[in-house]
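Written below as structure tokens is the structure these notes are about.
Numbering (this note's numbering), first residue to last: 37 to 161.
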């Protein structure tokens, strides 16, 4: 039965972390460059300063519902959270393909978090 469990795992490296250059609107509404890092190992997303790496926003995967494309801006990704918060990021170089990649990677992170939660629940039984 162990081999079945191994095969059902998503086909990406859990130790991997992916970083994208994005812009993020700060609290006064100005879009500023940020790095968006998606860490499969830590199960979180971090928005950080490109120059010094200082984290501006850390979102654990447990708080993320899903990432979706924006309805009217093809270079924007909307990150839905379990609360009412919504975070929007814009891909830095206006590349709509990057939007697809960011959405894919964030949603993989959410999937992985669900797998981990289910495994923990199964272990407690």
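We put the CB at the ideal spot given by N, CA and C, even for glycine.
- By alpha-carbon distance to residue 95, the top candidate from 58, 122 and 110 is 122.
- Taking the CA atoms as reference points, residue 136 sits about 38 Å from residue 161.
- The segment 43-121 is shown to contain whole beta strand (DSSP E) runs of 3 or more residues at 53-61, 67-75, 80-84, 91-96, 100-105 and 112-117, in chain order.
- For residue 124, the three-state secondary structure derived from DSSP is strand.
- Between residue 53 and residue 84 the beta-carbon gap is near 12 Å, outside 8 Å, which marks them as no contact.
- CA-to-CA, the gap between residue 129 and residue 62 works out to about 19 Å.
- Going by beta carbons, residue 124 and residue 112 fall inside the 7 Å limit.
- Between residue 144 and residue 118, the gap from beta carbon to beta carbon reaches 7 Å or more.
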